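To start, the structure under review is shown below, and the notes come after it.
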Amino acid sequence: MTEAPGTDRVPTGVRSLDRLLAGGLETDCVTELYGEGGSGKTLLCLEVAVRVARAGKWVLYVDTEGVSADRLRSMAGDELDRLLQRFLIAAPKDLTEQARAVSAACALARDGKRPVGLLVVDSATYYYRLSLSGDDEDDAREALVLEVAELVATTLAAGIPVLLTNQVWRNVSAGTLEPLGGSFLNHAAKTILRFDRLPGPRRRAVLVKHRSLPEGAAEFRITPTGLDGGSG
Ligand code: GTP
Ligand code: MG
């Protein structure tokens, strides 16, 4: 399949990953990152967010994990305070607050009053996971479906990348790590990257789904100042 001409990309700034993604994140779809703890999902979200803010656009960041100020400072350096003026961070404390935060972010992205360049939900499934096997499992599932549907509508309407992270469960019989969130999320995200841990600071992103690019993988390293995907 060939790609529609003019498909916009927002570079992640991680060279190997941008090569894998033919330039970066698409501006008309949801990109999902899933992978085990410590695989670098949050670092990639922060890396792109800093880059987008540096380019003068606003970043809408729904953060269930507690963005590390230290980590952001090591990425942004002296620019941090200036860049943070273009970050709108929501830190929901439960599923209901998360649903409100995602709705509010979608409304801001779509109203066009600010030049928004990126919407992040990290993690989209933290509170969802806590609800699994509990009394509110069905409500959690429904809330996630509604949020993801709104995020899909928003990326299409606003023309900005939506980046969300997803956690994993271990499929013991298959020996694999599978994304949470069920088939709806799997269909709704048009680009899906699985992050793997390699020895030491090395990490690998595997492109498991894309509308117009073949499957493939990119390696990068975690450094004190962010993610390094090599040169060239
Ligand atoms: P979960 O949210 O737990 O699923 O993990 P994640 O995939 O989001 O991982 P994250 O991006 O938070 O971390 C990736 C790696 O970066 C981990 O191995 C951490 O040890 C490392 N890391 C996280 N914060 C810092 C930091 O402030 N400084 C440095 N040098 N490394 C960090
Ligand atoms: Mg994380």
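Using our numbering, count along the sequence shown one by one with no gaps and you end on 338. Virtual Cβ for every residue (Gly too), placed ideally from N, Cα, C. Fair warning: this is a prediction, and the values are worked out from it, not measured in the lab.
Integer-rounded CB distance, given that GLU171 should sit under 8 Å from THR148: 6 Å
For ligand 2, any of its heavy atoms closer than 7 Å to the Cβ of SER174? no
Mapping the DSSP letters down to three states, classify GLU171 as helix, strand or coil. coil
So, using beta-carbon positions, are THR137 and VAL268 closer together than 8 Å? yes
Given a threshold of 16 other Cβ atoms within 10 Å of its Cβ, counted over all protein chains shown, does GLY265 qualify as buried or as exposed? exposed
Can you tell me whether GLU321 is helix, strand or coil according to DSSP? coil
DSSP three-state label for ARG235, please. helix
Looking at the secondary structure, which residues open and close the alpha helix (DSSP H) in which GLY332 lies? Not the alpha helix (DSSP H): GLY332 falls in the beta strand (DSSP E), residues 332-334.
Considering only heavy atoms of ligand 2, does any lie closer than 7 Å to the CB of GLU138? no
Smallest Cα separation from LEU123: which of THR331, MET181, GLY332, PHE326? PHE326
Say the cut is 7 Å; is the CB of THR271 nearer than that to a heavy atom of ligand 2? yes
Going by the beta-carbon positions, is the gap between ALA230 and LEU283 smaller than 8 Å? no
Is the beta carbon of LEU225 sitting closer than 8 Å to the one on ALA210? no
Applying the 10 Å Cβ sphere with the 16-neighbour rule, what's the burial state of THR261? buried
Going by beta carbon distance, what residues of the same chain come within less than 6 Å of GLU243, once the five residues before and after it are set aside? SER237
Can you find the residues in the same chain that come closer than 7 Å, C-beta to C-beta, to LEU186, ignoring five residues on each side of it along the sequence? LEU178, ARG179
On the DSSP letters alone, give me the boundaries of the alpha helix (DSSP H) that ALA215 sits inside. 201-217
contact_flag[the region 296-316, the region 126-145] where n(CB pairs < 8 Å) is 3 or more: yes
Is the beta carbon of ALA249 less than 8 Å from the beta carbon of ALA294? no
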